[in-house]
Structure formats: structure tokens, C-alpha cells
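Notes to accompany the following structure.
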Ligand code: LLP
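Numbering (our numbering), first residue to last: 115 to 1060.
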């Protein structure tokens, strides 16, 4: 595997001699010999000669080290350039390594070069020989400054590397060879570059070993090239062989044993390895992450910890989506997919060594080690499919190839792909039709410049019609079981539907779905998609075992405050209510609704405080509980009713007697209108029929007219009330007829109304309705008020952004500047009551079927039909076990004889037993009011509490 017979004993002196000190037996130029790595410290015999300037702040081995046994695990810690650039950061490394050691692990620390040093070394390779000495001087200065900052008197090993760097760079090496000139190419030039660049890590690791040892943690310096041997990859060119090598690695217990005999804490270099000839080679992009993964696999470590400047992988790039959630757990494939489709925190290359060796990979934040981070490990089988991340890549080039009768031509694809190969281009995504094949080229995989693409197009034009489309962007949704989530992606598809999508590709491993669009479309797209995925339940952010806090919550200056639901503080009271026998005087028992009036009141006050709104009418269909109606009436809110029954419910409340009322029926019988007119209730008509056939009812009256503005919105198709497929509202093309009928019958249209759907979270919606209605009102003339309907949504899923009421108000005020002459009305239902209500249920039975765990309770679709009817998502907790760890994934079901009787799918809850009380949240709106006697089960009880 690692090939060279230098492994035994691993004494650094012997190893250095074998790999560097002795010239190879045949065929190599001396310059080549010089590029073999020789450890300048070899003569030191592996011990650390650094001394602390101030006679050691801490006695050596001050850190408590647990005794080790032959089976003590290895832990690999990796730190990047900024994490090793200051003495303070090194103290963190020291603490972390010491803590692992104290916990009984053997430790290997893998480090990058100090931040900026690799770039400086690369630049040095590219500058004329005469300028290299000055560049080396700067690097010497930089490293010596850190030595001073680390309070070390000097680091002999590092001085050795600085000397060898100078020799290699300037040609004044011990062999007297001249360093290659910039113009030189070929294997030697590339190996020389590799040898130069390796010095960054050789230096940082030498300083680190000295620092840790001087500060009490005896640390062995380990040359990574001892362990990592680049594999021979056929067809790899010389440059890649030297500068982007790959290592094939398997666990090597003998190596682990030999290393264990040498010490218990090691520090080694990321980014570097050796080739079959003993030369130093580099691992290319993401090299240090990859090295850590290789060491993890080689030692079959307990884990590899990658320490970086962010707590892990997120559901989207947090710079674009501050609301992105930390992914606390990922399997290797998902992590690989996220890393290769845009996430920068971990290089995709480093995942497969860990995957093969089944070594868990952690990502942690060096500055905030207390954050949980991301753990990449085999996934427990019991996880629901979910989209884990949405990512984007810019700079994609699409090549569309068109030819008639392509499929009849044997070998067409072989021919065109040969041309890609000839131009050194690797293809990412492929889409095909009968006469067209379109492929994408990713800039991270290809050196994409216009010359290369032009050369490819010229070659391709000989076999087909070619179109190059650029710049494009690829937007990828990643998650295991993508195909089973397609039905939830309608909102996402609608978002893409507004723009041109060039290519859609679903990966054959069922892990990703990619859309290639014009690059310009990317602005603002990711936050929208992220929100849509959460809202659609496709990104299961409710599963707190997988989805951690948002980036904003972890790092944001203005983190969105986490508002604890009222029922947390009312838990004891709720449990008490739930345990009362059902039907006990109408209070308590399960299934039962509980409404929290203080929450309702707060909601009412927030709406009444809107500057732009003149009157608020509560849509009582959402919840007609007497205490709810009373509370809202006391707050000065009016009532919007749709049936004589609802009008009677308001009439029954003393406090509501003087309240404003609205009657907004749809396809109601004549007598309903007559009933409302008799009572002097404001009426809203939404079609021609009433005016045409019952005009006598309305003659001499003022009415509102409900308009269909042509589109519907809302959380589900069934609650969208606009457009031709919806039965509501007067279509605009009938407006003139309605107006002349009204005139004819002396009916005054004083109000315009539009309600286009329910559960809307977009703050711009109501201002848009306002502007639409206002412009129509101008055509009619007699209109004095505009009713913007209801539809104000509440977030259902954890992490979903709530409706920004202040933004609604501000935007309405802006429209008001243009149309100040109208009174504004609003008629919300859900927003007032949803979060004020919960449904309590009792666990009846549990059952397992294969891998599926059912948790049965006495509240089924008869008590709450929203999940069955709209796929609505309600939070569910086990109130009896609120603080226990959620371990089991449940289908929460009711007692009704239908397979659709599911209140919640794939809910992670503590293991439940019969009699536990479940709480179903956000159930105050359209819960009790839509409940039924189905299966002749009694209606859920309800109670309001202060
Ligand atoms: N105004 C009119 C004319 C309405 O039809 C409705 C609700 C509202 C106001 C109040 O809408 P809200 O603010 O509550 O969204 N059962 C469905 C909701 C149906 C809404 C029917 N109309 C659900 O559970 O989601």
C-alpha cells in the first residue's frame, strides 16, 4: 500500500536516511536527488530541541495525561492556516489536544501553513531567481516573529527548514545545484515547486511541536511523508502528479502500533505526501483536510476533527441565508454532495477516505469549541428523508449540442465526448433530448477560459450545432431520498418557473436535484428557496437531532429572538387539564383544545397597532369559541362572518353587541343575504347572481364587492381563493356589468374586497392587493374603503420566518401615499388565534411495523383535520416527557378508520407509553372549528385559560 520498506521502527533518523539522505541507485539527475525530502532535523534524532525562553510557563507534562493502553483510540485534529497563525490560536490547539490526551486518546494534530504562507511560497516559485532571496527573507521574518510571539527562544527544527527553503529557492543548496528558472517546465520544475511549497507546513508543524512541548504537552514532530504515499494514477500528467497527488490509504495497524511506541501526541503536516520515488508531492486543493482524513483512515481513528472558523456545514451558505441551520449530522454521501456542490467549509476530497474506513468526521469552530458542530458519520437507519441543503455554484458554462436524428447515429455521444476529453474538459451534468444533448462544465473541475471553450466549440461544430450558454449557475438541492420528496417541491418549481431553467438534472444516486439557470437569476434566490423548502416540509428542520441552530442564532448580531411558546410555562396546568375525565363539564379531558387568552390579546393588540389599517375584522370561521370572540371584541376588533350561524355566534356574546360586522358569504342561499340585510350588517357580494336575481334585497344599500384579482396564494391549493379555478370573487371582466347593475338597482358600491388565500407569509402581498384594489376603485368612483382580506400566515415549521408585520405596515403606508383617500380594512383569522391554541391528546397505543413506529393518540382527523386535508404541519411534543431526549421517529396517528388519519409523520419524540399527553401546537385556527363527529366520536372539548 504505502510501498516503501521504510516503515519498520519508524525511527526518524533511519527514515530520513532512507528517503532523503541517500541518493537513489539509478537514473536520477542530481537536481532530482535534491528534491527528495531530507529532514534537516534528522541529526536531532527526533527529540524536540526547542526551549522556552522563560524557563517554561508550565512544567513539562503539566497536562494530566490518562494512562494509555494498546487499544487506546487515536483522534486526529486538523487546523487550518488562520488557526495556526498566532500564539493565542496555538494555545487553543494545545488545550484541545491536551483535553483529548487527558481523556485517554492518542492524538495526531495535522496543520496547514500559517495563513498566507502557501500563497507566498507559490508566488516565490513564480518569481525570477534573483528575487527569491528577498521573498525568503520575508518568510523567515514571519516565522521568527511567531516564534517570538510564542515565547520560544528559538526552534532549531524550523531554522533547519528555513535554511533548506532558502537553498531550494535560490539554488544555493548543499548539492550546489541551481534552482530551476521560471521558464522551466517538466517533472523537476513541478517537484521543485512541491518541495518549496511543502515548507509552509513543515515550518508551522515544527513551531507547533516546539510550542506544545514547551508548554507542557510532550509532542512528537511527525513527517507526514513517512505515512502518506501518493498512488500512481494512470494518465495523470506530471503537474498533477507533483501538485495534486492522491493517496490511496487503508488502515495500517502495524503503522499505528509503531507510532504508538514513539509517543502519544504528534504533530504533522497537512497538504504533503511523498511519491514512489521519495519526492515531496502536494495533495492539491483542500490538501490539509484530506491529509487529516488520510491519517484518520490510516490509524482507524476514533474520529477526525476538522477545526475551522465556522461550526460546520449549514443548510445553505450562511452569508446568503443567515437563517441557514447547522447540519448536526450528515452521512458521508450527503456531506460529499454538499461539499462538491458549493459548501466551502470542507473539501469534498477528504470525505471518501473517512467513509471507506468508517471514521467519523467532525467539523468544529476553533473560536467557539462549545458549539456542537457537524458530525459526518454513518447515518442511523431511522431518519426521515429530508432535503439537507440548498447550494449554488457560479461560473457554470453550458454546452448545447444539437443534431437531427442523433439517436440513429451509433457512437454520436462517444464522438462528442471524445472532443471534450481532447480539450481536457470534464463534464458535470448531462441533459438529453432526441435531437439535443446539453452538458455543463464546472469551473472548479476545469480550467475554464474562453480559449478552451472556443476551441471545444470549434471542434464540436464539425459534428453538431453548438451553442455555448454562459455565465450560468447551478442550484442544487441535496438530501437522501430526493425522489420521495418531489411532491413537496411544487413551491420550489414555481420559483424556478418564473425564470428560464436551462437544465434540470437528478443524480442517479438519488441525492441531488440540480437546476442550471442564468447566473443573474441567483441574486436573492437561495433565501427564497430555503424558506420554501422549510415551509413545504421538504427540509425537515423540525428534526432537532439533525438540524441545529441557525447561523444567525449562533453568530448573528441580531439573532431572531427565540420566542418560547406560551404552553411551556403552562405545562403543569395543561397536564392537569388533559388528565381530567373527558366531558367533565366541558373543561379538560382529551382530545381537547386549550386557548391561551393572553396570547390572543397580544396578537389583537399588535394588529390594532398597525398604522395603515383603520378597521380589523376577525374571520370567526377560524375559531368561534365564545371566550375568543369576547376577548377580541374587548380589544375593539369587529367580526367577519359567512353564515347566519356565525352571525348568531357573535350575537351571543354580550361584549360583541356593539362591534362592527361584515357578512362575506359565497354561493349562499338568498335567505342568508336577507337575514344579514335585515340586521344591518355590512354585506360583501362576490358575483352577479345576487344583483341580477335578488336586487330588491340590496336596493338603497351600500355594499362591498369582492374582486378576484386573478391569482391565488396560500399554504395549500385548497386555500387559494383567486384565479379561474377558484369559486370566489367577481372576475374583472364582469366588473362593468356589475357596476351598471348596481346603478340600475340603486345599490352603492362603497367598498372593494379581495381575499386571495390563507397562510401567506410574504409581507408585500397586502400592499400589492391595496394598490390593485385602489386602481380599480378609481374606475368605480363611489368606493371609500378597501378590505384587504385576511390570509396572514403563521410559521409552522421551526426556523420558518414569521410574517414581518412591521414590514407589512410600512409597505402599506407607502401605498397610502398614492391612495390616501381610502379607509383600509383587514379581516384576519389564523394570525390572531393559531398560536394561542393547542390540542391535547392522550397516547392510546404504540405499534411497530417493520421500521415504522406508530404512536397512537385519541385525537385523530376528527379532532384536527388540517394534516389530512392540507398536509398541514403542526408541531407535536410529548408534554409528559418534554425534557427527555427525542430518540424515536414516530408516525403520530389517531383512532379514525382511514389511512390518512396521521397527525404528524416522522416526528422525533422521546419513547412514549400509553397515557402520555401529547401537545399539538399552532392548533388555535381551523382546528376545533373544522372538527367533526366522524366515526361517531365525540367532538373535542375546548377551554380558554388566562
Ligand atoms: N376573509 C375571507 C373572505 C376568508 O374566506 C377567510 C378565510 C379569511 C378572511 C381569513 O383568512 P385567514 O386570515 O385565516 O387566513 N381551513 C383553512 C383555511 C381556510 C381559510 C378560509 N377563508 C386552513 O386550515 O388552513
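Virtual Cβ for every residue (Gly too), placed ideally from N, Cα, C.
Original post:
Buried or exposed: where does residue 402 fall if 16 or more other Cβ atoms within 10 Å of its Cβ makes it buried?
Top reply: Counting other Cβ atoms within 10 Å of its Cβ, residue 402 reaches 16 or more and is therefore classed as buried.
Subject >> Pairwise C-alpha distance: residue 608 and residue 941 >> reply: Using only the alpha carbons, I get a separation of about 28 Å.
Original post:
Just to confirm, does residue 206 get its C-beta within under 7 Å of one of the non-hydrogen atoms of the ligand LLP?
Top reply: The ligand LLP never approaches residue 206 closely enough for any of its heavy atoms to be under 7 Å from the residue's Cβ.
**OP:** Compute the distance between the beta-carbons of residue 1032 and residue 993, then report whether it is under 8 Å.
**Re:** At a Cβ-Cβ threshold of 8 Å, residue 1032 and residue 993 count as neighbours.
**OP:** Pull up the distance between the alpha-carbon of residue 484 and that of residue 1060, whole angstroms please.
**Re:** Those two C-alpha atoms are separated by around 39 Å.
Original post:
For residue 775, which of 529, 797, 781 has the nearest alpha-carbon?
Top reply: For residue 775, the nearest C-alpha among the options comes from 797.
Subject >> Alpha-carbon spacing of residue 624 relative to residue 213, whole angstroms >> reply: Going by the C-alpha atoms only, they are around 40 Å apart.
**OP:** Compute the Euclidean distance between the alpha carbons of residue 893 and residue 866, then round it to the nearest angstrom.
**Re:** Roughly 12 Å separates the two Cα atoms.
**OP:** State yes or no: is the C-beta of residue 1037 nearer than 7 Å to some heavy atom of the ligand LLP?
**Re:** At a cut-off of 7 Å, the beta-carbon of residue 1037 does not count as near the ligand LLP: no heavy atom of the ligand is closer than that.
**OP:** For the segment 842–903, list the alpha helix (DSSP H) runs that are entirely contained and at least 4 residues long, ordered along the chain.
**Re:** Whole alpha helix (DSSP H) segments, 4+ residues: 849–858, 879–894.
Subject >> Alpha-carbon to alpha-carbon, residue 829 and residue 333 >> reply: In this structure, the straight-line span from the alpha carbon of residue 333 to that of residue 829 is close to 59 Å.
**OP:** Taking residue 848 as the reference, give the member of 277, 662, 801 with the closest Cα.
**Re:** Checked all of 277, 662, 801; the closest Cα to residue 848 is 801.
**OP:** Note down the Cα distance separating residue 1057 from residue 504, rounded to an integer number of angstroms.
**Re:** It is roughly 43 Å from the alpha-carbon of residue 1057 to the alpha-carbon of residue 504.
Original post:
Which residue from 420, 702, 896 puts its Cα closest to that of residue 489?
Top reply: Looking at the Cα atoms, 420 is the closest of the given residues.
Original post:
Within this structure, are the beta carbons of residue 516 and residue 578 separated by less than 8 Å?
Top reply: Closer than 8 Å, so yes.
Original post:
Among all the DSSP beta bridges, which residues are the ones paired with residue 817?
Top reply: Note: residue 817 sits in a beta bridge opposite 797, 863.
Original post:
Can you find a heavy atom of the ligand LLP that lies under 7 Å from the Cβ of residue 1046?
Top reply: No, Cβ of residue 1046 sits at least 7 Å from all heavy atoms of the ligand LLP.
**OP:** Check the DSSP bridge columns for residue 963 and list the partner residues they point to.
**Re:** Answer by DSSP bridge pairing, in chain order: 966.
Original post:
For residue 194, which residues of its own chain have a beta-carbon under 7 Å away from its beta-carbon, when the five flanking residues on both sides are left out?
Top reply: These residues qualify, in order along the chain: 226, 402, 422.
Original post:
When the Cα atoms are used, what is the spatial distance from residue 285 to residue 278?
Top reply: Residue 285 and residue 278: Cα-Cα distance of roughly 10 Å.
**OP:** Assign residue 478 to buried or exposed, taking buried as 16 or more other Cβ atoms, counted over all protein chains shown, within 10 Å of its Cβ.
**Re:** Counting every other CB atom within 10 Å of its CB across the protein chains shown gives residue 478 a total of 16 or more, marking it as buried.
Original post:
For the putative contact between residue 356 and residue 397, defined by C-beta atoms under 8 Å, what is the C-beta separation to the nearest angstrom?
Top reply: The C-beta distance from residue 356 to residue 397 rounds to 11 Å, too long to fall under 8 Å, and the pair is not in contact.
Subject >> Per-residue burial, residue 379 [other beta carbons within 10 Å of its own, 16 or more giving buried] >> reply: With 16 or more other Cβ atoms within 10 Å, it is buried.
Original post:
Does the segment 616–630 come close enough to the segment 403–412 that 3 or more CB-CB pairs lie under 8 Å?
Top reply: These segments do not touch.
**OP:** Just the C-alpha distance for residue 661 and residue 441, rounded to the nearest angstrom, thanks.
**Re:** Roughly 5 Å between the two C-alpha positions.
Original post:
Relative to the alpha-carbon of residue 370, which residue among 606, 219, 642 has its alpha-carbon at the smallest distance?
Top reply: Cα-wise, what sits closest to residue 370 is 219.
Original post:
Is the CB-CB distance between residue 769 and residue 741 below 8 Å?
Top reply: No.
Original post:
Buried or exposed: which applies to residue 502, given that a residue is buried once 16 or more other Cβ atoms fall within 10 Å of its Cβ?
Top reply: Under this definition residue 502 is a buried residue.
**OP:** Please go through the same chain and pick out, in chain order, the residues whose beta-carbon is closer than 6 Å to the beta-carbon of residue 704, but skip the five residues on each side of it.
**Re:** Cβ within range, chain order: 692, 954, 955, 956, 972.
Subject >> CB contact flag (residue 257, residue 321, <8 Å) >> reply: Inclusion of residue 257 and residue 321 in the CB contact set at 8 Å is warranted, their separation being smaller than that value.
Original post:
Whole-angstrom Cβ separation of residue 913 and residue 437, contact assumed at under 8 Å?
Top reply: Taking 8 Å as the upper bound for CB-CB distance, residue 913 and residue 437 are in contact here, some 7 Å apart.
**OP:** Flag residue 981 as yes when its Cβ comes closer than 7 Å to any non-hydrogen atom of the ligand LLP, and as no otherwise.
**Re:** Checking the 7 Å criterion, the Cβ of residue 981 is out of range of every heavy atom belonging to the ligand LLP.
Subject >> CA nearest to the CA of residue 593, picked from 452, 688, 725, 821 >> reply: Closest by alpha carbon: 452.
Original post:
Where residue 724 and residue 744 are concerned, what is the direct C-alpha to C-alpha distance, given to the nearest angstrom?
Top reply: Rounded to whole angstroms, residue 724 to residue 744 spans 21 Å at the Cα level.
Original post:
Excluding sequence positions up to five away, which residues of its chain have a Cβ less than 6 Å from the Cβ of residue 647?
Top reply: Taken in chain order, the residues that qualify are 501, 653.
**OP:** Pick helix, strand or coil for residue 822, following the three-state DSSP scheme.
**Re:** Residue 822: strand per DSSP, three-state reduction.
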